[in-house]
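Numbering (the working numbering), first residue to last: 9 to 448.
The C-beta atom is built at its ideal place from N, Cα and C for all residues, glycine as well.
These figures come from a predicted structure and were not determined experimentally.
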Amino acid sequence: MQPPVYTDAPMYRDDPSKQGGVDIKEKGDPIIVWNSVEDVEDRSNSRRCGVFRRARRAYFGEPQSIWKRVAFVMLKIVLLVGLVGFFFKGKLHGAKKTCTHSKPHVLSTQGWPEHPGRPHPSPPRDIKVNKTTSSILGKYPLYDSLNLTTTTGSIAVIIEPQPGQPDEPDKPARVLLKTDSGSISVAFRLPGLAASSGSAADIHSLYHDQEVDGKEDSTSTDYRTALAPRPYEIEIHTSSGSISGQLAFSNRVHISTISGSISANLVPLIFTYPGDDDGDDDDGDYNDLPLSNISIITSTKTGSTQVSLAEPYFPPPLPPPGGPRRALNGDDKDGRGRKPSYPTRPSITAKHIAAGTGSLHVTYPPSWAGRIQAASTGTGKGHVLVGGEGVLVRSTANETAVEGRRYPDEEERAEWWGATGEMNVTVASEGGQVNFWARG
């Protein structure tokens, strides 16, 4: 490469003698002649590189070996990782704790899951799981209370009732399931009781799954044992998600949603106790009267409701502590010598409500007897239908309000509270279709 040529006299663009015979008409500023365009680019690049080299030399000193540079880069990486770990140590530690705590609730559909507290000999009697976006799936035991809540996740569980506390045998077993936008599918696992066909598919698969190697978990309580005779209370709520499944209860079940649908099979639990040997009972057993008021409520606003009240389920009888227990009525004392704390004639009510335009389809079992009030009010005023074998019906002229009644069979002893004829049923919607049918 040739260096630039300088002269004492200024050189102009219109000097043909200095421009290789090129005649430039316009006179310009003094210029430096380079041998080629590449020389200009090389000169420019060299200046930029020189700037970077001078800056690096000023910062690092003399040029370092490649190993020193690698060591310096590794040191920076270690410092960066340490700094990040310092700031996120608390957060990562909290996440680790959360994952460890929630591990028992990540339940498998294969075999018996690891319930909270198992295989500890004293499992927690009050189980509570609260999540935000994740779902709650699997099988859960019901001791004294089971509280499962999530914000946007779904709930799909099988509930296995467990024995009550020996020192508090009458303590209620309560279930609370709640989610805002997720759906809820639930089934009670009871001895000899199959899952309802109306249950969700995932519940059905959970319900009929096979234990690993054909054996049950030795740490679990055998769900085939008789249920403890105590109150079973159910409460389920969603805002927009659907509710489906099979629910077993003894005295209280409340199901509510705003815009979601309800598809539920309700199974009343009726407990029996061995009779004494004085000959009062023909078969040695008798059926106890309800220990408290009976309340069945399903409510929605715009969603549809399909509810079926099943025939009662009679768990195998268990003799309570203190010997045989006599029927509780009036001022009689129970088998433990205590006064009853419930009304002589408990209230037995059922309400199936659609506060908006939601439709209602309700069916009751053949043994049921009681009164029905059905109506569709509001601007829509949907059609109302009440019927069934032995149901006497009286309706209004426009058929938007219907009253009905089925009397109990006097020749047969009422085996449960739904067959006494004292049950009051209300089925009402503000504009949606209303159907009530008593199976025969």
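Only residues of its own chain outside the window of five on either side were considered, and among them Thr-157 and His-245 have a CB closer than 7 Å to the CB of Lys-186, listed in chain order. For Thr-404, no beta strand (DSSP E) segment is defined, and its DSSP state is neither H nor E. Looking at the backbone, the Cα of Pro-354 and that of Phe-279 are separated by about 16 Å. With a 10 Å radius around the Cβ and a threshold of 16 neighbouring Cβ atoms, Trp-376 comes out buried. The stretch 238–256 makes no contact with the stretch 389–398, as fewer than three CB pairs between them are under 8 Å. Assigned with DSSP and collapsed to three states, Leu-150 falls in strand. The continuous beta strand (DSSP E) containing Val-275 extends over residues 270–276. By the beta-carbon neighbour count (other beta carbons within 10 angstroms, threshold 16), Gln-170 is buried. Apart from sequence neighbours up to five positions away, the residues of its chain that approach Ala-382 with a beta-carbon distance below 6 Å are Val-392, Val-394, Val-410, Val-435, Val-442 and Phe-444, ordered along the chain.
Per DSSP, Phe-322 lies in no beta strand (DSSP E) segment and is marked neither H nor E. DSSP places Phe-80 within a helical segment (H, G or I) once states are collapsed to three. In summary, Lys-147 is buried, with 16 or more beta-carbon neighbours lying within 10 Å of its beta-carbon over all protein chains present.
For the pair Leu-150 and Ala-181, the CB atoms are nearer than the 7 Å cut-off. Glu-243 is bridged by DSSP to Leu-184 and His-262.
With a cutoff of 7 Å on beta-carbon distance, Ser-264 and Ser-316 are scored as not near each other. Going by DSSP, Val-392 is part of the beta strand (DSSP E) stretching over 392–396. When beta bridges are read from the DSSP output, Leu-235 appears opposite no residue. For Val-89, the three-state secondary structure derived from DSSP is helix.
Non-local beta-carbon contacts of Thr-141 in its own chain, meaning distances under 8 Å to residues more than five positions away in sequence, involve Thr-158, Thr-159, Thr-160 and Gly-161 in chain order. Membership of Lys-179 in any beta strand (DSSP E) is not indicated, and neither H nor E is assigned to it by DSSP. In this structure, the alpha-carbon of Ala-164 lies about 5 Å from that of Leu-145.
Inter-residue distance for Arg-414 and Ala-427 is about 10 Å (C-alpha atoms, whole angstroms). A straight-line Cα-Cα distance of about 17 Å links Glu-438 and Ile-380.
In this structure, DSSP gives Trp-376 a state outside helix and strand, which the three-state scheme calls coil.
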